[in-house]
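Protein chains: 2
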Amino acid sequence: MISEKMKGFVAGSSAIRAMFEEGKRMAAEFGADHVYDFSLGNPNVPAPQAVKDAILDITENEDPVMLHGYMNNSGYEDVRQTIAEHLNKNFHTSFSAKNILMTVGAAGGLNVILKTLLNPGDEVVTISPYFGEYRSYVGNFDGVLVESPADPETFYPDFADLKKKITAKTKAMIINSPNNPTGVIYPESVIVELAQLLSEKESECGHPIYLISDEPYREIAFDGETVPWITGYYADSIVGSSFSKSLSLPGERIGYLVLPDSLDGAEDILAAANVANRILGFVNAPSLMQRVVARCIDVRSDVDFYLKNRDDLYLALIEDGYTVVHPDGAFYMWVKSPEEDERAFVDRLKKDEHILAVQGRSFGCKGWVRIAYCVAHETIEGALPGFQRVAEAYGL
Amino acid sequence: MISEKMKGFVAGSSAIRAMFEEGKRMAAEFGADHVYDFSLGNPNVPAPQAVKDAILDITENEDPVMLHGYMNNSGYEDVRQTIAEHLNKNFHTSFSAKNILMTVGAAGGLNVILKTLLNPGDEVVTISPYFGEYRSYVGNFDGVLVESPADPETFYPDFADLKKKITAKTKAMIINSPNNPTGVIYPESVIVELAQLLSEKESECGHPIYLISDEPYREIAFDGETVPWITGYYADSIVGSSFSKSLSLPGERIGYLVLPDSLDGAEDILAAANVANRILGFVNAPSLMQRVVARCIDVRSDVDFYLKNRDDLYLALIEDGYTVVHPDGAFYMWVKSPEEDERAFVDRLKKDEHILAVQGRSFGCKGWVRIAYCVAHETIEGALPGFQRVAEAYGL
Numbered sequence: 001m002i003s004e005k006m007k008g009f010v011a012g013s014s015a016i017r018a019m020f021e022e023g024k025r026m027a028a029e030f031g032a033d034h035v036y037d038f039s040l041g042n043p044n045v046p047a048p049q050a051v052k053d054a055i056l057d058i059t060e061n062e063d064p065v066m067l068h069g070y071m072n073n074s075g076y077e078d079v080r081q082t083i084a085e086h087l088n089k090n091f092h093t094s095f096s097a098k099n100i101l102m103t104v105g106a107a108g109g110l111n112v113i114l115k116t117l118l119n120p121g122d123e124v125v126t127i128s129p130y131f132g133e134y135r136s137y138v139g140n141f142d143g144v145l146v147e148s149p150a151d152p153e154t155f156y157p158d159f160a161d162l163k164k165k166i167t168a169k170t171k172a173m174i175i176n177s178p179n180n181p182t183g184v185i186y187p188e189s190v191i192v193e194l195a196q197l198l199s200e201k202e203s204e205c206g207h208p209i210y211l212i213s214d215e216p217y218r219e220i221a222f223d224g225e226t227v228p229w230i231t232g233y234y235a236d237s238i239v240g241s242s243f244s245k246s247l248s249l250p251g252e253r254i255g256y257l258v259l260p261d262s263l264d265g266a267e268d269i270l271a272a273a274n275v276a277n278r279i280l281g282f283v284n285a286p287s288l289m290q291r292v293v294a295r296c297i298d299v300r301s302d303v304d305f306y307l308k309n310r311d312d313l314y315l316a317l318i319e320d321g322y323t324v325v326h327p328d329g330a331f332y333m334w335v336k337s338p339e340e341d342e343r344a345f346v347d348r349l350k351k352d353e354h355i356l357a358v359q360g361r362s363f364g365c366k367g368w369v370r371i372a373y374c375v376a377h378e379t380i381e382g383a384l385p386g387f388q389r390v391a392e393a394y395g396l
Numbered sequence: 397m398i399s400e401k402m403k404g405f406v407a408g409s410s411a412i413r414a415m416f417e418e419g420k421r422m423a424a425e426f427g428a429d430h431v432y433d434f435s436l437g438n439p440n441v442p443a444p445q446a447v448k449d450a451i452l453d454i455t456e457n458e459d460p461v462m463l464h465g466y467m468n469n470s471g472y473e474d475v476r477q478t479i480a481e482h483l484n485k486n487f488h489t490s491f492s493a494k495n496i497l498m499t500v501g502a503a504g505g506l507n508v509i510l511k512t513l514l515n516p517g518d519e520v521v522t523i524s525p526y527f528g529e530y531r532s533y534v535g536n537f538d539g540v541l542v543e544s545p546a547d548p549e550t551f552y553p554d555f556a557d558l559k560k561k562i563t564a565k566t567k568a569m570i571i572n573s574p575n576n577p578t579g580v581i582y583p584e585s586v587i588v589e590l591a592q593l594l595s596e597k598e599s600e601c602g603h604p605i606y607l608i609s610d611e612p613y614r615e616i617a618f619d620g621e622t623v624p625w626i627t628g629y630y631a632d633s634i635v636g637s638s639f640s641k642s643l644s645l646p647g648e649r650i651g652y653l654v655l656p657d658s659l660d661g662a663e664d665i666l667a668a669a670n671v672a673n674r675i676l677g678f679v680n681a682p683s684l685m686q687r688v689v690a691r692c693i694d695v696r697s698d699v700d701f702y703l704k705n706r707d708d709l710y711l712a713l714i715e716d717g718y719t720v721v722h723p724d725g726a727f728y729m730w731v732k733s734p735e736e737d738e739r740a741f742v743d744r745l746k747k748d749e750h751i752l753a754v755q756g757r758s759f760g761c762k763g764w765v766r767i768a769y770c771v772a773h774e775t776i777e778g779a780l781p782g783f784q785r786v787a788e789a790y791g792l
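This is the structure we're talking about:
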C-alpha cells in the first residue's frame, strides 16, 4: 500500500532501526548499566542555562499572538538580522536578514535547498563516508547522490577522484565538516583546493555548481581548530546550520540556511527557498525557538564534556591497537574494523561486550565503524574493558 | 538556477504573496488602522493561559536533555498515548500511542502521509474550493490533484461528479471540514454517503482509497455543530490534526496524524510514515511543544471571539445584498463576487476601500472570494462601511 520509493527508504532504514531496537531489548535484558550504546548522535550535554532563561523570559513577557503566530515563511525578520550580524562579526561577511532562512533544523534546511535546486537526474556529489540521510534527501527530489571516496589516510576529499566525479550533470556538492562520521575538520588548504576545483568545473560546464556546507557540528571543534567559513572562498556557497548540537536542542528542530548574494541566481534562489520551506510543509521554523536562539546566539553548550570523552576513548582504543581517525570535532570516532566485513566486528562488540556501534556501510564506507561518544562518561569507562578484550581476541 | 518544478510553485505563489506585500505597502501609506486585511488565516486569539503555564512549568521542571532531545521520530510515547486516550474518550475509538504520529503541524502531517502513499501519477481527489497548498503537497510527490467541484448551493461534495472523478487511478482523497475557504462543516449524512461511495469504489478498483481528513479547524465549530469523526465511518481513514488553531500555536508547528489499525496495510503505513517524517527533514515534531500540547489536550482557545466576528460580518454582508455561505466553523467567509471575474471584485475592495480579500481561483474556484475574519473586531467594524459602499456601487 505504501509507495515504491518508500519501500526502498524503509528497507534502507532497517539497519539503524534494528540496532536501536536491539539496544532497547538488551537494556531490558541486561540492565541499562551493562549496555554501552554508541549508536546515536543525540547530545547528552544539557542545553545551557541561558536557553532555559530565554524560554522563561520570552514566554513570560512577549505577546503570545506574535510569539506563537505565523510570520514570513523565512522566519522573524529580527531573528534573521541577529543571525546575519553574528555571522558578520565572526566571519567578516556582510549578510543581512534576507540572506538567512530559518529552518526546521539542518535536515529541514537541506531539504529546502535541494527542493529549490534539483531537477530529476541532477547529480549531487558528496565525500564518502557521509551522513546516510543525504541519500534520502537527494532522493526526495529525484536527484542522484554521487559518492567520491575520501582519501583513506586523512579522510579529506581525494581530489583526483573528485575531479572525475564532478561533471556537467553535477548541480551541487555537499560537504560536512566537522564530519559525521569521521570527526575530521577540513583545514583551510582543503577548502581552498576545493573552491579552485569547483570554480574550474563551473567554467568547464558553463553552469553553477553549488557547494552546500552542512555544519551542525561547527561549534564542536577541539584543540583550537577552526572551521573555515566557506562563503569567503567560493561564491556559490550555501551554508546549512543548526542549533541542535551547539545549544543541545536537537528535538526542537531549529536551524537556518545562509544564502549569500554572491550565489549565481541569488534572487531567484532566495524567493524559491522561501516558497520551498512553505510547500514542503515546514511552513516556518518553530516560532518560540527562533526567538530563543536569537537571544542565545553567542552561547554554546559545554564542549569540554565531549573533549574529555574523546581523549579518554581515543587514547584507550589506540592503546588497544585499533586504527582510529583522530577526531578534530563533532562527537564521532571512526574506527577501522579489525576484519574486512565491519558487520562482523559490530556483531562481536554487541554480542560479546554489549557495545553498540554503527556499521560503516550505513555511511557509504565499508570496513569501518562509527562510535558516537556523546554519552555519559561512565558509558565510556564501562565499555573500555570490552573494547580491550575484543582487540585481544583479534590479536591487535 | 532553480528547478523547473520550483519555477511553477513560485509563480503559483505570487498572487497571495503580492497581496501580502500590497497589504504591508498600504499599511505604510495609509496607516495600519485604515487597511482592513482579511487575507491571512493567522489566528489573532492568544494562546490560552494554560499553554503559557505549561511552557513555564515544563521548562522549569523537566530534564533539559530529555525535553529538548531526540526521541522516536513519531514523537514521545507518553504524548502520543495522551492524544490517543483523548481521542478515545471523545470519539469512542480504541487508539493507542502507535496510531499517533506527532508532526510539524498539519502541513507536515499531510506531506508525511502523501510521501508514504503516492507513486508518481497517482491521483488524489479533493473537493473544490480547497486549501490551495494541497496542489503543492500532492505535486511534491508527483501525484495529480483531481478537483471535484462542490455543490454550488451547499458546498458539500457533489456526489454525481465525485463518482466520475474517483477511478482506478485514485490513491487517496482529501477532505477538509470545517472547510477552508467556505467555513462549511460536512454533516454526518455527507460523511455516511462519502464512506459508502468510497467503499464501493474500493471494491470496484480492487485497491484501497485512503480518505485523508485535514482537520486543523475541528475545534472551531459554531452553533453546537459537531464534526463527525471519520474513522468510525470508513476503515481507510487517516486524520491530520493540528494545534495551530485550537491552541493558537500556528508558528510552533505542532500537530499529529492518526493512522488507525483498520487501514489496509496499517503496519506498513505506520512504519513508512515514521521513516517519511525523518527523511523529509522534519525528523520529529518540536519536542517542547509536544509536551505542552499533551498538558493542554483538553484546553481550547476562545472560539466565542470568532463567533462574534462571524455574526457581525455575516449579518452585515447579507444586509448589503452579498451572497454569502453561512460559516458553520473555521474563521473564513465565502462570498460570491458581484461580477463574474472575482479578481475585479478583489481589486475594487482593495483600491476603493483598502479591504484585502483573496481571489477564489487561489482555492480552485472562480467567482468567489475568501474573507479570513480571524482579525480584531475593530477591523470588521472598520471595514463594514466599505463593504456597503461597494455593494451599492454594484447595485446589490
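These protein sequence lines map, in sequence, to chains Z and E.
Be aware that the first sequence starts at 1, since it is given in my numbering, and climbs by one per residue.
Be aware that the second sequence starts at 397, since it is given in my numbering, and climbs by one per residue.
Each residue gets a CB set at the ideal place from its N, CA and C atoms; glycine is no exception.
Delimiting residues of the alpha helix (DSSP H) encompassing residue i
i: E:M462; result: 460 to 463
i: Z:E77; result: 77 to 91
i: Z:M289; result: 287 to 295
i: E:Y769; result: Neither: E:Y769 is in no alpha helix (DSSP H) and is coded neither H nor E.
Partner residues on chain Z for residue i, Cβ-Cβ distance less than 8 Å
i: E:N438; result: G69, Y70
i: E:E529; result: R278, I279
i: E:M498; result: Correct list: empty, because the minimum Cβ distance to chain Z is about 11 Å.
i: E:T512; result: I2, S3, M6
i: E:L506; result: G281
i: E:Y533; result: I279, G281
i: E:P604; result: M1
Rounded Cβ spacing between residue i and residue j (contact assumed at less than 8 Å)
i: Z:I175; j: Z:L211; result: 7 Å
i: E:G471; j: E:F618; result: Actually they are not in contact, since the Cβ atoms of E:G471 and E:F618 sit about 31 Å apart, beyond 8 Å.
i: E:F783; j: E:D700; result: The pair is not a contact, with the Cβ atoms about 23 Å apart (cut-off 8 Å).
i: Z:N111; j: E:G677; result: 4 Å
i: Z:G364; j: Z:E342; result: The pair is not a contact, with the Cβ atoms about 12 Å apart (cut-off 8 Å).
i: E:I605; j: E:E598; result: 5 Å
i: Z:I113; j: Z:G240; result: 7 Å
i: E:L483; j: E:V654; result: 7 Å
Residue i and residue j closer than 8 Å at C-beta
i: E:F741; j: E:S733; result: yes
i: E:I562; j: E:V521; result: yes
i: Z:M400; j: Z:E252; result: This structure leaves residue 400 of chain Z out entirely; chain Z is present only between 1 and 396.
i: E:A443; j: E:L643; result: yes
i: E:D698; j: E:V447; result: no
i: Z:V144; j: E:A667; result: no
i: E:V500; j: Z:V104; result: yes
i: Z:V335; j: Z:L315; result: no
i: Z:D311; j: Z:I380; result: no
i: Z:M6; j: E:A672; result: yes
i: E:H750; j: E:M422; result: yes
i: E:N670; j: E:L513; result: no
Under 7 Å from the C-beta of residue i: neighbouring residues of chain E
i: Z:T82; result: Correct list: empty, because the minimum Cβ distance to chain E is about 17 Å.
i: Z:P64; result: P442, A443, K448
Contacts that residue i makes with chain E (C-beta to C-beta distance below 8 Å)
i: Z:L397; result: One cannot answer for residue 397 of chain Z here, as it falls past the ends of chain Z, which runs 1 to 396.
Chain Z contact residues for residue i, given Cβ-Cβ distances below 7 Å
i: E:D664; result: M1, I2
i: E:S683; result: G251, E252
i: E:A667; result: V10
Contacts of residue i in chain E (Cβ-Cβ under 9 Å)
i: Z:D37; result: Near Z:D37 there are no residues of chain E at all, since even the closest Cβ is about 13 Å away, more than 9 Å.
i: Z:A107; result: R674, I675, L676, G677, F678, V679
i: Z:D264; result: M397
Enclosing beta strand (DSSP E) for residue i [first to last residue]
i: Z:D214; result: 210 to 214
i: Z:P149; result: 144 to 149
i: Z:S128; result: 123 to 128
i: Z:V390; result: Here Z:V390 belongs to no beta strand (DSSP E); instead the alpha helix (DSSP H) covers 377 to 393.
i: Z:L110; result: Segment 105 to 117 is the alpha helix (DSSP H) holding Z:L110; no beta strand (DSSP E) there.
Cross-chain neighbours of residue i in chain Z, by beta carbon under 9 Å
i: E:V671; result: M6, F9, V10, G12, S13, R17, S136
message = If we require 3 or more residues per run, which beta strand (DSSP E) segments fall completely within the region 151 to 239 of chain Z?
response = 170 to 175, 210 to 214
Curious, which full-length alpha helix (DSSP H) runs of at least 4 residues does the region 287 to 361 of chain Z contain?
287 to 295, 303 to 320, 342 to 353
**Q.** Sequence ranges, beta strand (DSSP E) only - wholly within the region 14 to 54 of chain Z, length at least 3
**A.** none
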